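The block underneath contains the structure these notes are about, expressed in structure tokens.
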Amino acid sequence: MKELQALREERTQLQAELEKYRDCDPEVIEQIRKSNVVAKEAVSRWTDNVFAIKSWTKKKFSFDDGRINKAFGIPEDFDYMD
Numbered sequence: 001m002k003e004l005q006a007l008r009e010e011r012t013q014l015q016a017e018l019e020k021y022r023d024c025d026p027e028v029i030e031q032i033r034k035s036n037v038v039a040k041e042a043v044s045r046w047t048d049n050v051f052a053i054k055s056w057t058k059k060k061f062s063f064d065d066g067r068i069n070k071a072f073g074i075p076e077d078f079d080y081m082d
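Reminder that position 52 of the sequence shown reads as 52 in the UniProt record's numbering, one-by-one numbering, no gaps.
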């Protein structure tokens, strides 16, 4: 029984140590890269939407960029990600 308990404790320690190095796992890194691609596509889509709303607002109400940005809380340096 003591041996079984010792093996369980060792297993717990090894799992904890393995978890520390999880960020270096190639599969985890690839998953993070794929998530980043999806996130960048989403950012571009939302940026497109913001510019579409700004364009529509300019045409519909003859507002200038500064007024639109202020009304919607859009930063003056708002632009697409690189």
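All C-beta atoms, glycine included, are put in the ideal place defined by N, C-alpha and C.
Please read all numbers here as calculations on a predicted model, not as lab measurements.
Check                                                       : Outcome
Euclidean distance between Cα positions of Lys-2 and Glu-17 : 23 Å
Asp-64 Cβ short of 7 Å to the ligand SAH heavy atom set     : No copy of the ligand SAH occurs in the structure displayed, which carries no ligand at all.
DSSP-derived helix/strand/coil call for Ile-32              : helix
C-beta contact flag for Ser-44 and Tyr-21 at 8 Å            : no
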